[in-house]
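Have a look at the structure below, then the notes.
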């Protein structure tokens, strides 16, 4: 701002605030308006999807949520198979992805060889950016046949005593959707967890090391307890993403609104039924029922995201003042 | 007690080794499928890529060859249009959030932006369909871009907000002491100081919506030809990948891999460019 | 001079250098640390004094990109050879940091026992052990009724003495102190200095300080560092009354730094 002579020398610009003040006010108003747009868009989304769902809410009532049959042609509309599919795929995805993601996060902050940390982190971030539809393409053409020919027969042979691992071996289905979701949320959970672990102050780590603890002792007994709620937040955020992901799931879930109890059988999820049927739905009730699924989806992701953000913010916020990559010690700060 | 520590030490050392090995294994497990995706996209995509892919329109089923010129154009058009709507509003909103961070409006909007960022993109598609497509009575490029812009808004706004807040207050106070007004400071001092980060953030937001498919399904829809105006439906790489992947034709699968390669290349280039912008001015 | 030669050396740096990435922070330091004496390391900001003591218990290498060259001997044996585990070195050479860093999630008692707790060891008589360490750190009377309160709830000076207690509970042979009083008020500083006087009976102490008065008050030997080099080392009395190097004289008379 020192480059701006007008700001320094009153002689260049007379001290006549009136016109400037009004320009100023309108600029502030513009910024405020832009901010309002963000809020209003959210409101409009919520209100209009709820409005669209009204016919279905009125006509089908609570039975919609627990109805097990989905037959739009005969007006028999129940959302349970979709809720079931969404929850099963998301939970299985989390079970697969979270331990691995946590391992990656700990590798990146504490245990990995330092020269490898940066490239691995960059790769993980890059993979978070690959579009869902590309993961879907891979899952449909590469992963599903692989499941059909090798993984699913193996699962049934070894774990077939569990009903969830018995069923048709067709490749596409809840298991395939879960696995592709796991691959997709892994980078998200890993990089969020990494942020949270990094926010644990360096002094605490060094305090532990100086007492003769191993790096793993420090991770297990200082870093993880300190970051617990934040990691839980990262997991919830991953769950929110898994619930909301549409394309990859739509491409491999099998699109059959059934509840079979088997992971191998085809299923359906909330997002994928909207993607597949919304454009072709003709009856008012069918459209409204799909919109109501959208409402449920909205509520579900809303709850998880808000909870996740509160938890992550708690860890990050309280430590942001001390969160540093490298401890700032006078000896290497001074050039 | 010292001796107890020394007795227990080999076990702890082993535990530390095992934990480190487990973390390395986790990295390997994580990277295998992720790299497999990239590997297949590169391999199958390169095999199917040709000059005509970039210059020709799709051919009907059964006819070999053809390209996705209109889909590449469509994706670029959608993203540019969405950026034109989403980025300016997002930056203005983000600056407001940062400069008036303590006001109730800012708190409500910041919360809304966070929630909006978590809304499944398919819902945005449904709502834009109901409010724009139904009213205009046909699918359109504009509707698709609008849906993408909604997805960009919270990303750009929150990035700007976060970055603008890292501009130290001492800089703001210095400008205030020189008689500059609050909003002038926001534009000349804060925005300029945070510019590289905001630019990178916008690029990442663009990269993010480049791949968004779900909201386009019932807004921009698809088009076998070039769209003639923003009021026409348009083809896009994302939707073409979905359509072709779901088809039973090997030829179309090959085209889908080629489209995926082009799309991933666009996203990766944007990401790398964003990194470079971030790293450029200050030594990392 | 004769005092220095006749006293046994607990540790010794020999041709010690240290780097942060490409930047060299220490150049060829050779310095003895006499057993059961207090050695103070003084020098202007950025002179490498903190880096130096972090090399003495292999904490320097914890910073990404940091490395060392040369030798550090502990009881005549190098701590930088391949077969030496840094974790074991740190058990024998304890450290107190510039900013008090008690573990916020642990109680006062658990903080004192943290060295064991972190290693998953439950001592046979934890209360006794905690009391001993707290008494040695002159903190027992302050906290004996607050052992179950979180460590972060104590005052700054008490937190620092808690960190000293935590270090002493492991019965180290050497205690390194990295500007232990720089974030404390004068009253708390005085208490820590008193404590150092008592601890020298049992431990070899190395203290980094930016305060020459403090160095003069607490140390038996003083080393003056400047831009990563050891300028002068001698009995504290000698350094502060008739230093032989003009740079030391400039520094202690306040003409510099």
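Chains as they are written, first to last, in the working numbering: chain A, 1 to 335; chain B, 336 to 619; chain C, 620 to 876. All residues carry an ideal CB built from backbone N, CA and C; glycine is no exception.
Does residue i come out as helix, strand or coil in the three-state DSSP assignment?
i, result
"residue 718 (chain C)", "coil"
"residue 661 (chain C)", "strand"
"residue 138 (chain A)", "helix"
"residue 802 (chain C)", "coil"
"residue 845 (chain C)", "strand"
"residue 253 (chain A)", "coil"
"residue 810 (chain C)", "helix"
"residue 337 (chain A)", "An answer regarding residue 337 (chain A) cannot be provided, because it is not within the stretch 1 to 335 covered by chain A."
"residue 690 (chain C)", "strand"
"residue 426 (chain B)", "helix"
"residue 651 (chain C)", "strand"
"residue 726 (chain C)", "strand"
"residue 587 (chain B)", "helix"
"residue 678 (chain C)", "coil"
"residue 72 (chain A)", "helix"
"residue 333 (chain A)", "With a pLDDT of 32 at residue 333 (chain A), under the threshold of 50, the predicted position of this residue should be treated as unreliable, though the coordinate-derived value follows. Reduced to three states, the DSSP call for residue 333 (chain A) is helix."
"residue 683 (chain C)", "coil"
"residue 637 (chain C)", "strand"
"residue 200 (chain A)", "coil"
"residue 505 (chain B)", "helix"
"residue 418 (chain B)", "helix"
"residue 435 (chain B)", "coil"
"residue 110 (chain A)", "helix"
"residue 873 (chain C)", "coil"
"residue 732 (chain C)", "coil"
"residue 193 (chain A)", "helix"
"residue 131 (chain A)", "coil"
In chain order, what residues of the same chain have a beta carbon less than 7 Å from the beta carbon of residue i, not counting five sequence neighbours either side?
i, result
"residue 789 (chain C)", "710, 713 and 734"
"residue 761 (chain C)", "777"
"residue 534 (chain B)", "612"
"residue 185 (chain A)", "93, 97, 238, 241 and 242"
"residue 845 (chain C)", "662, 663, 666 and 866"
"residue 417 (chain B)", "480, 483, 484, 487 and 544"
"residue 670 (chain C)", "637, 644, 645 and 679"
"residue 256 (chain A)", "266, 267 and 268"
Rounded to whole angstroms, how far is the Cβ of residue i from the Cβ of residue j, which I believe are closer than 8 Å?
i, j, result
"residue 222 (chain A)", "residue 204 (chain A)", "5 Å"
"residue 167 (chain A)", "residue 260 (chain A)", "7 Å"
"residue 489 (chain B)", "residue 451 (chain B)", "4 Å"
"residue 501 (chain B)", "residue 536 (chain B)", "So it is not a contact: roughly 12 Å between Cβ atoms."
"residue 579 (chain B)", "residue 138 (chain A)", "Rounded, the Cβ-Cβ distance is 14 Å, inconsistent with contact."
"residue 112 (chain A)", "residue 120 (chain A)", "7 Å"
Please go through the same chain and pick out, in chain order, the residues whose beta-carbon is closer than 6 Å to the beta-carbon of residue i, but skip the five residues on each side of it.
i, result
"residue 801 (chain C)", "717"
"residue 728 (chain C)", "749 and 766"
"residue 473 (chain B)", "none"
"residue 498 (chain B)", "529, 532 and 533"
"residue 174 (chain A)", "88, 89, 263 and 267"
"residue 847 (chain C)", "644, 645, 646 and 667"
"residue 177 (chain A)", "89, 249, 252 and 253"
"residue 286 (chain A)", "72"
Just list the residues that DSSP pairs residue i with in beta bridges.
i, result
"residue 825 (chain C)", "C:658 and C:795"
"residue 645 (chain C)", "C:637"
"residue 631 (chain C)", "C:651 and C:692"
"residue 837 (chain C)", "Note: residue 837 (chain C) sits in no beta bridge, so no partner."
"residue 547 (chain B)", "Paired residues: none, contrary to the question."
"residue 616 (chain C)", "No answer is possible for residue 616 (chain C): it lies beyond the span of chain C, which begins at 620 and ends at 876."
"residue 186 (chain A)", "BP columns for residue 186 (chain A) are empty, so no partner."
"residue 854 (chain C)", "C:840"
"residue 393 (chain B)", "B:401"
Only counting the same chain, and skipping five residues up and downstream in sequence, which positions put a Cβ closer than 8 Å to that of residue i?
i, result
"residue 551 (chain B)", "413, 460, 479, 482, 483, 571, 573 and 574"
"residue 757 (chain C)", "780, 810, 813, 814 and 817"
"residue 558 (chain B)", "405, 409, 567, 568, 569 and 570"
inquiry  = Within 8 Å, do at least three Cβ pairs link the segment 291–298 of chain A to the segment 91–107 of chain A?
reply    = no
task = Check whether the segment 518–537 of chain B touches the segment 447–464 of chain B, counting contact only when three or more Cβ pairs, one atom from each stretch, lie closer than 8 Å.
result = no
request  = For the segment 161–176 of chain A and the segment 264–276 of chain A, state whether three or more C-beta atom pairs, one from each stretch, are separated by less than 8 Å.
outcome  = yes
ask   = If you pair each beta-carbon of the segment 501–514 of chain B with each one of the segment 592–602 of chain B, do three or more pairs fall below 8 Å?
value = no
query = Any contact of the segment 29–39 of chain A with the segment 437–451 of chain B, i.e. 3+ C-beta pairs under 8 Å?
reply = yes
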